[in-house]
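One structure below.
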Amino acid sequence: MIQAIVFLPLVGALIAAVIALFGAHARHPSGDTVEHGDDHGHGHAAHHDAAAHDDHGHDHPVEPAAAGSRAAEIVTTALLLISAGLSWLALVDVGFLHHDARIALFPWINSGDLQVAWALRVDTLTAVMLVVVTSVSSLVHLYSIGYMNEDPNRPRFFGYLSLFTFAMLMLVTADNLVQLFFGWEGVGLASYLLIGFWYQKPSANAAAIKAFVVNRVGDFGFALGIFAIFMLVGSTDFETIFAAAPGLTGKTINFFGWHADALTLTCLLLFMGAMGKSAQFLLHTWLPDAMEGPTPVSALIHAATMVTAGVFMVARLSPLFELAPDAQAVVMFFGATTAFFAATVGLVQNDIKRIVAYSTCSQLGYMFVAMGAGAYSVGMFHLFTHAFFKALLFLGSGSVIHAMHHEQDIRHMGGLKDRIPFTYIVMVIGTLALTGFPLTAGYFSKDAIIEAAFASHNPMAFYGFTMTVIAAGLTSFYSWRLIFKTFHGEPHDQEHHEAAHESPLTMLIPLFLLAVGALAAGFPFKELFAGHGVEEFFRDSLKMNPHIIEEMHHIPESVGFLPTVMMAVGFVVSWLFYIRRPYLPVELANQHQLLYKFLLNKWYFDELYDLIFVRPAKWLGRFLWKKGDGFIIDGFGPDGISARVLDVTRGVVKLQTGYLYHYAFAMLIGVAGLITWFMLGVGGQ
C-alpha cells in the first residue's frame, strides 16, 4: 500500500510528460505554441477573449488542444485521489493499529563506509505527512482542472504537480539522510519548474531562480550537517543515528579552529537547511516572489510541500535536537522572529496572494517555536491543521482572482460577497481558522503552540511566547483586512465587479472539502497531537520533551485566553479601520510614512541583499568576464596565441608584394650585407 501511495504520483507525472512531449498543445496554424498569460501571469484563460496574434498582428484562431490534455488532467488527478485515500488508511493502520514498517526497495550506494539502501520508513510521523501531502495535492489537482482550463500547456503543468508531490512523498518516507536529501532537492527542482511555469514572463523566471538560489544557501548548511553526522556516527541511517545520539553528548568538532559542541553545531547546520526550505527569517525572501507561479502552485507549496519540508525534517531528527538545547534556543528565536516579522509585513500588503503568503511565513514561525520548545507533536499539529486552511485561503484567493479577471490588488476589489457568495463563505471559514477562532482547526493548534512556548524552559521561551502572542493579533488584523477590502464595502472596479461570477464546480468542490477540514481537523486530533495521547500515537517517531505536554495543561487560565483576546482585538481594529472608518488607514500611513514604507518594502531585505550579495556578485562576474576571460584568457591563452600568429603571418604576407623591383631591391640589400660581412673579416674566419 505504501509503495502505491508514493509511486502513483510518479506514474501520473510520467504519463503527463509523455502526453506533453507528443503534442497536447494548442497551436497556431503556423505551428507556434500559444502561451496564455495576463499581467499577473495567470495561465487560466477563461476570460481570454482576444484571439492570438502573430508577429505581423494578424488574428489566428487557436486550434483546440488535443484530447491528451484532458487525459493528463484526469489520470494525474485520479491517481492522486487514490493515493490520498490510501494515505488515510495508512494513518489508521500505523497511527492507531501501530503497524509501523520499514520497506526495503533496493540497495543504492555502496562506497567505502557509506552504505545506503533505498527504503520506505513508515511510522506515525510519516503517516501524518502522507495524509497532508496527498490530500492537499489531490484537491489542488482537481481545482487546477477548472483553473487552468484553457492553458495550452496543461499536461506539462499537471506533470510538474505530480512530480512535486512524488518528491515530497520521497522526502517524508525516507529511511536515511541521503534519501531524504534526494527528496529535499527534488522538491526544490519541482518548485523551480512550477514557479517558473510561465517562463515567457521575466518576473516568473526571476522568481524561480531566486527560490532556487536562496534555497541553495540553506541546502549548503543541510549538506554540511549530513556530512557531520556521517563523520560522527559513520552512517546516515536514522535508526543508527538515533541510537548513537546520546553518546555524542559532550563531543566536540574542530570547526575552522573553533571547538564546537558536536550536537549543537550539527543541529544548527541541519536547521540552516530548514530555514531555507521553510522560509525562515533571513532566508525568507524567496517565498513572496513564488507567487509568480499559478495559484494552485502557491497552494501546494504553502500548504503541503516545500515549506513544510523543513518542519518535518526537524521533527524527524528530534532525537538529535532534544540533546542540543542551545540549538533549540536558536530554533525558537528564529521561529518567533519569523512569526512577528512576516505578520508585520502582511499588515500593508495589497496583493491578495502575497497577504496569504506572508501568513504562511508567519505560521511556519509558529511551528518552529513549538519545535524549539520540544513540543514536536504540537508543531506537527499546526502543520496538519494549517495545510487545510492555508490551501483553502490560496485556492479561495484563486477563485476571487478568477472572478475579477485576474485582478490581484485588493484595493481594486470590494463588494464581492454578493457576487461570489460561496467563495466568500469559504474564505471567511479559512480566515477564522487562520486567526484561531474558537473550535476551528487553527484554534486548537495555534493556542497549543503559544502554551508550549509559555511552559517551555528554553532560554528563548519568553521571547517566543511574546512574539507569538503579538503575531496572533497582527494575523487577525491583516486577515480580516483582506476579507473586508475584498468582499465588503463599495466596488472599486465597477466593470470587473459586474462581470464577476462564481467559479466552476471543479474549483468549488475542493474549496468545500478544505473548508470542512479547516473547521473539523482540530478537535478530533487534539488529544493525539497535543494531549495525553501523544506518546501512544507517535511512539518512537518523535522524541518529545518528557514534561512539556503536562506543563502545557497547567498554565494559568489568563495565558490560555490571551491568544483569543488578541484575535478579537485584531478583528475589532480591522473592522474599525476598513468598515467603520475606512479613512483611518490612509491618515495613519501619511502620519507614519517611514514606518509604512519600512513595512511596505518588507524591512528592506531585498534591497539589503541586493546591495550586499547581488551587486558585488554581478561586479565580480563582469570583472572576471572582462579582465579574466577577455584580457587574460583571450589575450594570452589559445585565442591570444592564435591571434599573435595571425598578426605575424599578416606582416610576413606584406613582404610578398608581387613587384619585380621589390624583389631586386631585396636581393641588392642581401648582396650588400654579404659583402659587408666578408669585408669585416667574419667570413674569412
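Add 58 to the 1-based position in the sequence shown for our numbering, that's all there is to it.
No residue lacks a Cβ here, since even glycine has one placed at the ideal position from N, Cα and C.
Terminal residues of the beta strand (DSSP E) in which residue i lies
i      : result
Pro165 : 159-169
Ile311 : 310-313
Ala318 : 316-319
Alpha helix (DSSP H) segment containing residue i, residue limits
i      : result
Arg469 : From DSSP, Arg469 is part of no alpha helix (DSSP H); its letter is neither H nor E.
Asp347 : 344-347
Pro643 : 642-649
Lys448 : 434-461
Ile508 : 499-513
Glu609 : 606-610
His360 : 353-361
Ser537 : 519-545
Tyr636 : Tyr636 -> no alpha helix (DSSP H), and no H or E assigned at all.
Glu131 : 125-149
Glu585 : 584-588
Three-state secondary structure (DSSP) of residue i
i      : result
Trp256 : coil
Asn207 : coil
Asp181 : coil
Ala232 : strand
Leu666 : helix
Leu600 : coil
Asp295 : strand
Leu405 : coil
Gln338 : coil
His83  : Residue placement at His83 is flagged as unreliable, the pLDDT there being 49, under the threshold of 50; a coordinate-derived value is accordingly withheld.
Gln714 : coil
Ala78  : helix
Leu227 : helix
Leu375 : coil
Ala62  : helix
Lys685 : helix
Leu738 : coil
Exposure label - residue i; buried when at least 16 CB within 10 Å
i      : result
Trp316 : exposed
Val230 : buried
Gln386 : buried
Phe296 : buried
Thr192 : buried
Ala588 : buried
Leu642 : exposed
Trp242 : buried
Asp319 : buried
Val623 : exposed
Leu557 : What sits at residue 557 in the sequence shown is Ala, not Leu. It counts as exposed.
Lys685 : exposed
Met228 : buried
Glu380 : buried
Arg214 : buried
Trp735 : exposed
Glu615 : exposed
Tyr717 : exposed
Ala269 : buried
Asn211 : buried
Thr402 : buried
Proximity of residue i and residue j at Cβ, strictly below 8 Å
i      : j      : result
Tyr218 : Thr564 : no
Val372 : Val389 : yes
Met610 : Ala506 : yes
Ile508 : Pro383 : no
Ile253 : Ala348 : yes
Gly283 : Thr324 : yes
Leu569 : Ser457 : yes
Phe512 : Phe495 : no
Gln338 : Thr396 : yes
His440 : Met425 : yes
Gly204 : Thr134 : no
Lys746 : Asn273 : The chain is shown only over 59 to 743; residue 746 falls outside these bounds and no answer can be derived.
His550 : Gly472 : yes
Leu572 : Ala449 : yes
Gly279 : Gly331 : yes
Ser534 : Phe398 : no
Proximity test, Cβ basis, 8 Å: residue i and chain D
i      : result
Ala225 : Of the protein chains in this structure there is only one, and it is not chain D.
Heavy atom of the ligand PLP within 7 Å of residue i beta-carbon
i      : result
Glu609 : What this structure holds is no ligand at all, so the ligand PLP is not there to describe.
**Prompt:** Any contact of the stretch 182-199 with the stretch 429-442, i.e. 3+ C-beta pairs under 8 Å?
**Reply:** yes
**Asked** On the three-pair Cβ rule with 8 Å, is the stretch 338-353 touching the stretch 404-423?
**Response** yes
**Message:** For the stretch 533-545 against the stretch 166-175, do three or more pairs of beta-carbon atoms, one drawn from each stretch, fall closer than 8 Å, so that the two count as touching?
**Reply:** no
**Asked** Should the stretch 573-587 be called in touch with the stretch 351-363, which here means at least 3 C-beta pairs below 8 Å?
**Response** no
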